[in-house]
Amino acid sequence: MLTINVGVLLAVIVLLRLRRRTEARSRNDEKLTVIIVLALGIVIAPTPLGQGSGDFLGQLASGVTDSSR
Numbered sequence: 003m004l005t006i007n008v009g010v011l012l013a014v015i016v017l018l019r020l021r022r023r024t025e026a027r028s029r030n031d032e033k034l035t036v037i038i039v040l041a042l043g044i045v046i047a048p049t050p051l052g053q054g055s056g057d058f059l060g061q062l063a064s065g066v067t068d069s070s071r
């Protein structure tokens, strides 16, 4: 069974988005990148909010995989 770490997935998305040229980005694209980076910070932060959101996303992911069976 394949498991995906949400923090690693967000980090990969951030890296892929930041590799693009700056001139090719719109304001909405830059805002979305900022939101994704903030979400990554919350997920990997050792705070109760970060741990709670990580637990929630883990339960959501396991619920989705269980419903597909």
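Heads up, the sequence shown is in my numbering, so the first residue is 3 and it goes up one at a time.
Glycine is no exception: its CB is placed at the ideal position from the N, C-alpha and C atoms.
Output the distance between the C-alpha atoms of residue i and residue j, rounded to the nearest integer angstrom.
i          : j          : result
residue 52 : residue 25 : 33 Å
residue 36 : residue 68 : 32 Å
residue 29 : residue 48 : 31 Å
residue 34 : residue 40 : 10 Å
residue 50 : residue 32 : 28 Å
By Cβ distance below 8 Å, which residues in the same chain neighbour residue i in space, the five residues on each side in sequence not counted?
i          : result
residue 13 : 42
Can you give me the start and stop residues for the alpha helix (DSSP H) that residue i sits inside?
i          : result
residue 21 : First-last for residue 21: undefined, no H or E at that position.
residue 25 : First-last for residue 25: undefined, no H or E at that position.
residue 50 : 50-69
(message) I'd like to know if the region 11-19 and the region 60-67 are in contact, where contact means that at least 3 CB-CB pairs between them fall below 8 Å.
(response) no
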